[in-house]
Amino acid sequence: MNETLLSISIRDFFSKRMLQFALVPFLGTILIMYTLFFGIADAGIDSLRESTLQIEQHQQTQQNGVVETQSETTTVEGGSAILRFLMEHTVTSWLVSFIVFTVGGFITFIFAMFIALIIIGFLTPYIVKEIHRRHYSHLPLEHHGSILGILLASLKHVLIMLLLFLVLTPFYFVPLLNLVAFNLPFYYLFHKLYLLDVASETTTKERFKLIMAFHGGKIRMTTLGLYLLSLVPFAAYITPVFNVIVLTHSMFRKSVEVEAHHESVTAAKSAVDKIPNGSKDALPS
């Protein structure tokens, strides 16, 4: 228990058993992303091929003092021609590059992160049991919540995330601030789903509430660090198991601290109750 949370989590992650677990979300996420990428790309290419672009050009000529305006409309068919037209202009070329590489890439990382989170949900009970067997066998392994309850809670968190997206829309157009505003809804869902997943396998509902009441700030800082780590390119494919390991250690350790605090408060209250009434009046307020 004297070993730091980070060091013990890293040591557990690189054990043979945990690396085997890590392969599941890694391969599963790559497979799903690979399938979705080619499916969306194929649909996008077909859509571009069927599209048309009309370019209208105006030319003015002067003959014998009379100005004549000639208009010419050119119809370009096919997506390749549209993209070629866009990339020939500096502004549109920059916009296309920005959307494809920045927005598209960031959304891909976020999407991969939550695909891996869904996959890791099926492995969490096994990871928790392994951590419990290694380090916390002296503690009871408690559970709370039903499958239906967890699904409903997850749906609620998804809806709140979408609401946050709408509320924060004005901030998306403010440089630098838009990075925080864009990540805030994703972090909210990341934090809630991982805690819901791990806490339901490690402790009771009542104790989890106490843990968040006494140590909620530290838990949020932990999940924020894990979220930022997941934003590193391709890290989202391999960090889900590490995230569960860190939060499992956190839940068990904070549970011990909450229990110790509860016992000390109970002992102090019991000692006060044993003091005669006359002596209680003499105690400082």
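Quick note: to get our numbering, add 816 to the position in the sequence shown (first position is 1).
Just so you know, even glycine gets a beta-carbon here, dropped at the ideal spot from N, CA and C.
Of the listed residues the options, nearest to residue i (C-alpha basis)
i                  : options                              : result
phenylalanine 1108 : Lys1008, Ala928, Ile824 and Pro941   : The chain is shown only over 817 to 1101; residue 1108 falls outside these bounds and no answer can be derived.
isoleucine 931     : Phe981, Lys1070 and Tyr1010          : Tyr1010
methionine 1067    : Thr1018, Pro991, Phe1050 and Leu1044 : Thr1018
leucine 1005       : Met929, Ser1071 and Glu958           : Met929
valine 1014        : Pro991, Leu957, Val990 and Asn999    : Leu957
histidine 1007     : Ser1046, His959 and His948           : Ser1046
leucine 933        : Lys1070, Ser823 and Phe1058          : Phe1058
leucine 939        : Arg833, Leu979, His973 and Gly961    : Arg833
leucine 1026       : Arg949, Ala1076 and Leu968           : Ala1076
valine 974         : Arg949, Leu1000, Ser953 and Val990   : Leu1000
phenylalanine 1050 : Phe927, Met977, Ile826 and Leu835    : Phe927
threonine 967      : Thr985, Val983 and Ser1016           : Residue 967 is actually leucine in this sequence, not threonine. If we check each option's Cα against that of leucine 967, Ser1016 comes out closest.
leucine 982        : Phe1030, Ile826 and Phe1002          : Phe1002
serine 953         : Arg1069, Leu971 and Glu819           : Arg1069
CB contact below 8 Å: residue i versus chain C
i             : result
histidine 960 : Going by chain labels, chain C is absent from the structure shown, which holds only one protein chain.
Beta-carbon separation (whole angstroms), residue i vs residue j, contact threshold 8 Å
i               : j              : result
valine 1074     : arginine 1023  : 6 Å
tryptophan 1060 : isoleucine 936 : The sequence shown places valine at residue 1060, rather than the tryptophan named in the question. Rounded, the Cβ-Cβ distance is 6 Å, consistent with contact.
histidine 1065  : leucine 821    : 6 Å
histidine 960   : threonine 1020 : 5 Å
valine 1062     : leucine 1044   : Not confirmed; about 13 Å, so no contact.
serine 970      : leucine 1012   : 7 Å
aspartate 828   : arginine 949   : Incorrect: roughly 11 Å between the Cβ atoms, too far for contact.
Span of the alpha helix (DSSP H) around residue i
i               : result
serine 831      : Premise fails: serine 831 is in no alpha helix (DSSP H) and is neither H nor E.
isoleucine 1104 : Since the first residue of the chain shown is 817 and the last is 1101, residue 1104 is not available in this structure.
Cβ contact (3+ pairs, closer than 8 Å) linking the stretch 830-844 and the stretch 1042-1058: yes
Sufficient close CB pairs (3 or more, under 8 Å) joining the stretch 993-1007 to the stretch 940-959: no
Whole runs of the alpha helix (DSSP H) within the stretch 973-1033, excluding any shorter than 4 residues: 993-1018
Complete beta strand (DSSP E) runs within the stretch 1040-1081 (minimum length 3 residues, chain order): none
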